[in-house]
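Terminal number for the sequence shown in this note's numbering: 366, no gaps in between.
Ideal Cβ positions, reconstructed from N, Cα and C, are used throughout, including at glycine.
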Amino acid sequence: MTDSASQPSADEPALAAGLYIVATPLGHARDISLRALDVLAAADVIYCEDTRNSAKLLTYHGIKTPTAAYHEHNGAKARPKILAALAAGQRLALISDAGTPLISDPGMKLVRDVRAAGHAIIAIPGASAPIAALSVSGLPSDRFTFAGFLPPKAAARQSALEGLKGARGGTLVLFEAARRLAALLDDIEAVFGACEICVARELTKTFEEIKNGSIDELRDYFTAHPPRGEITVLIAPPREAAVDGAQLDAMLRDAMTSMSRRDAVQAVAAMTRQPRRAVYARALTIDDGPRDASDNGEKEEEKNAARTVEKEN
Numbered sequence: 054m055t056d057s058a059s060q061p062s063a064d065e066p067a068l069a070a071g072l073y074i075v076a077t078p079l080g081h082a083r084d085i086s087l088r089a090l091d092v093l094a095a096a097d098v099i100y101c102e103d104t105r106n107s108a109k110l111l112t113y114h115g116i117k118t119p120t121a122a123y124h125e126h127n128g129a130k131a132r133p134k135i136l137a138a139l140a141a142g143q144r145l146a147l148i149s150d151a152g153t154p155l156i157s158d159p160g161m162k163l164v165r166d167v168r169a170a171g172h173a174i175i176a177i178p179g180a181s182a183p184i185a186a187l188s189v190s191g192l193p194s195d196r197f198t199f200a201g202f203l204p205p206k207a208a209a210r211q212s213a214l215e216g217l218k219g220a221r222g223g224t225l226v227l228f229e230a231a232r233r234l235a236a237l238l239d240d241i242e243a244v245f246g247a248c249e250i251c252v253a254r255e256l257t258k259t260f261e262e263i264k265n266g267s268i269d270e271l272r273d274y275f276t277a278h279p280p281r282g283e284i285t286v287l288i289a290p291p292r293e294a295a296v297d298g299a300q301l302d303a304m305l306r307d308a309m310t311s312m313s314r315r316d317a318v319q320a321v322a323a324m325t326r327q328p329r330r331a332v333y334a335r336a337l338t339i340d341d342g343p344r345d346a347s348d349n350g351e352k353e354e355e356k357n358a359a360r361t362v363e364k365e366n
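Here's what the structure looks like:
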């Protein structure tokens, strides 16, 4: 425990009644504002996504305020009690396990009901994983869309990505579980084509890692280094206009006059930001240029490409 819990000065007014939405650290316990510590220390009750997890942060900062659970499984039962406490003039704080509450966390229904009842709602800003990841990604940050966690099933995830095509004018920011990162990269490629991606892992923690690259590069890297922890995925907006099939075929024919089919596919996919498998499927329908040993070993890729051609037909 530290002595970082601050005491309001004599000039500061007492904490007013209301619901305080308090941002907490992503991982590093000291990434919290002095005002947030003041509010947590002065509140009558702190509502937590997980009281056990929040107890570690509160103990570290010497905060002894009582806690209670508020999460998606008990929200319907807890909301009337919270509304009654606010009506009685209590000061309540809402925190999540990490970062800013309601950013891909429970709490929206509570805030909606508290606002409808006419009680004060006060934001105590601080850490937010989407903003932290965007700040270190090197991707455009003047316009972005945060979409949280996509569905875990492949078909629903691809459908969700299709629905986000209209947001490609800026950077897309997603959350994903480490075990599904490879599948997400495959689906991004299938829906958006080749993209520049940033994967931000374990932000502010001991094993923080920021990796930028193409989908192929990141797929290879995370196959060799299986990811763990909490992951934010950022997808850069497209830089090139989409090409039609005739343009793609012409580019492939030109490339295959001077390089192997495999290298031609790689080059054209990178230039056009089209899915590599889709480009390879088109390359199979074009007369070959020079071939190398690696082309002869791509039987599995030819099968996948053939299936792509069958679907298109």
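(1) How should Ala173 be labelled, buried or exposed, when 16 other C-beta atoms within 10 angstroms of its C-beta is the threshold for buried?
(2) Which residues does DSSP list as the beta-bridge partners of Ser313?
(3) For Leu136 versus Tyr73, is the C-beta spacing smaller than 8 Å?
(4) Since Ile148 is in the alpha helix (DSSP H), which residue starts that stretch and which ends it?
(5) I need the boundaries of the beta strand (DSSP E) containing Ala207, first residue and last residue.
(6) Return helix, strand or coil for Glu102, following the three-state DSSP convention.
(7) Where do the ends of the alpha helix (DSSP H) carrying Val286 lie?
(8) Count the CB pairs spanning the region 269-286 and the region 224-239 that are closer than 8 Å, and state whether there are at least three.
(9) To the nearest angstrom, how far is the alpha carbon of Asp195 from that of Glu229?
(10) Please determine if the region 179-193 and the region 253-262 are in contact, where contact requires at least 3 C-beta pairs separated by less than 8 Å.
(11) At what residues does the alpha helix (DSSP H) containing Leu73 begin and finish?
(12) Can you tell which of Ala76, Glu262, Ala70 has the C-alpha that lies nearest to the C-alpha of His278?
(13) Use the C-beta contact count for Glu125: other C-beta atoms within 10 angstroms, 16 or more gives buried, fewer gives exposed.
(14) With 16 as the cutoff for other CB atoms within 10 Å, does Pro205 come out buried or exposed?
(15) Classify Gly152 as buried or exposed, calling it buried when 16 or more other Cβ atoms lie within 10 Å of its own Cβ.
(16) Could you tell me if Gln300 is buried or exposed, where buried requires 16 or more neighbouring beta carbons within 10 angstroms of its beta carbon?
(17) Please report how far the alpha carbon of Glu242 lies from the alpha carbon of Ala207, in whole angstroms.
(18) On a CA-only basis, which of Arg335, Gly266, Glu215 is nearest Asp297? Give me that one, please.
(19) Roughly how many angstroms separate the alpha carbons of Thr118 and Ile99, rounded to a whole number?
(20) Which complete beta strand (DSSP E) runs does the region 90-136 hold, if anything under 3 residues is left out?
(21) When you compare each of Ala220, Leu93, Lys130 to Thr120 by their alpha carbons, which one comes out closest?
(22) Is Val318 close to chain C? Criterion is C-beta to C-beta, closer than 8 Å.
(23) Assuming contact is defined by CB atoms lying nearer than 8 Å, are Ser181 and Ala70 in contact in what I supplied?
(24) At the level of alpha carbons, what is the spacing between Leu192 and Thr224?
(25) Specify, as a first and last residue, the run of the beta strand (DSSP E) that Ile175 falls within.
(26) Around the Cβ of Phe197, are there at least 16 other Cβ atoms within 10 angstroms (buried) or fewer (exposed)?
(27) On the DSSP bridge list, what partners appear for Ile263?
(28) For Ile175, which residues from the same chain have a beta carbon less than 6 Å from its beta carbon, with the 5 sequence-adjacent residues on both sides left out?
(29) Determine the closest residue to Ser107 out of Asp273, Gly222, Pro154, with distance taken between C-alpha atoms.
(30) Would the beta-carbon of Pro78 fall within 8 Å of that of Thr257?
(31) Just verifying my parser: in three-state terms, what is the DSSP assignment at Thr383?
(32) Residues in its own chain within less than 8 Å of Gln211 by CB, not counting five upstream and five downstream?
(33) When you compare only the Cα positions, how much space is there between Asp84 and Gly179?
Taking the coordinates as given:
(1) Looking at its Cβ environment, which holds fewer than 16 other Cβ atoms inside 10 Å, Ala173 is exposed.
(2) None; Ser313 has no bridge partner.
(3) Cβ distance not < 8 Å, so Leu136 and Tyr73 don't count as in contact.
(4) For Ile148, no alpha helix (DSSP H) segment is defined; the enclosing uninterrupted segment is the beta strand (DSSP E) at 144-148.
(5) No beta strand (DSSP E) holds Ala207; the alpha helix (DSSP H) holding it covers 207-216.
(6) Reduced to three states, the DSSP call for Glu102 is coil.
(7) Annotation: Val286 is outside any alpha helix (DSSP H); the continuous beta strand (DSSP E) that includes it extends over 283-288.
(8) When C-beta atoms of the region 269-286 are compared with those of the region 224-239, three or more pairs fall below 8 Å, so the two segments count as touching.
(9) A direct Cα-Cα distance of roughly 23 Å separates Asp195 from Glu229.
(10) Counting Cβ pairs under 8 Å, three or more are found: they touch.
(11) Just to set this straight, residue 73 is Tyr in the shown sequence, not Leu. Taken as a continuous stretch (DSSP letters only), Tyr73 belongs to no alpha helix (DSSP H), being part of the beta strand (DSSP E) at 71-75.
(12) Comparing Cα positions, the closest option is Glu262.
(13) By the C-beta density criterion, Glu125 is exposed, having fewer than 16 other C-beta atoms within 10 angstroms.
(14) Pro205 should be labelled exposed.
(15) Answer is buried; the Cβ neighbour count reaches 16.
(16) So Gln300 counts as exposed.
(17) Each residue's alpha carbon lies about 13 Å from the other.
(18) Residue Arg335 is the option with its Cα nearest to Asp297.
(19) Roughly 7 Å between the two C-alpha positions.
(20) Within the region 90-136, the runs of beta strand (DSSP E) that reach at least 3 residues and sit entirely inside it are, in chain order, 98-101, 120-122.
(21) When only C-alpha atoms are compared, the closest one is Leu93.
(22) Annotation note: the requested chain C is absent from the structure, which comprises a single protein chain.
(23) No, Cβ-Cβ distance for Ser181 and Ala70 is not below 8 Å.
(24) Taken atom to atom, the span from the alpha-carbon of Leu192 to that of Thr224 is near 7 Å.
(25) From DSSP, the beta strand (DSSP E) with Ile175 extends over 174-177.
(26) With a threshold of 16 other beta carbon atoms within 10 Å, Phe197 meets it and is buried.
(27) Residue pairing by DSSP places Ile263 opposite Ala253 in a beta bridge.
(28) Taking Ile175 as the centre and dropping the five residues before and after it, the same chain places the C-beta of Gly71, Tyr73 closer than 6 Å to its C-beta, in chain order.
(29) That would be Pro154, whose Cα lies nearest to the Cα of Ser107.
(30) Taking 8 Å as the cut-off, the Cβ atoms of Pro78 and Thr257 count as close.
(31) Nothing about residue 383 can be reported from this structure: the residues present for the chain run from 54 to 366 only.
(32) Only residues of its own chain outside the window of five on either side were considered, and among them Asp240, Ala243, Val244 have a CB closer than 8 Å to the CB of Gln211, listed in chain order.
(33) Asp84 and Gly179: Cα-Cα distance of roughly 8 Å.
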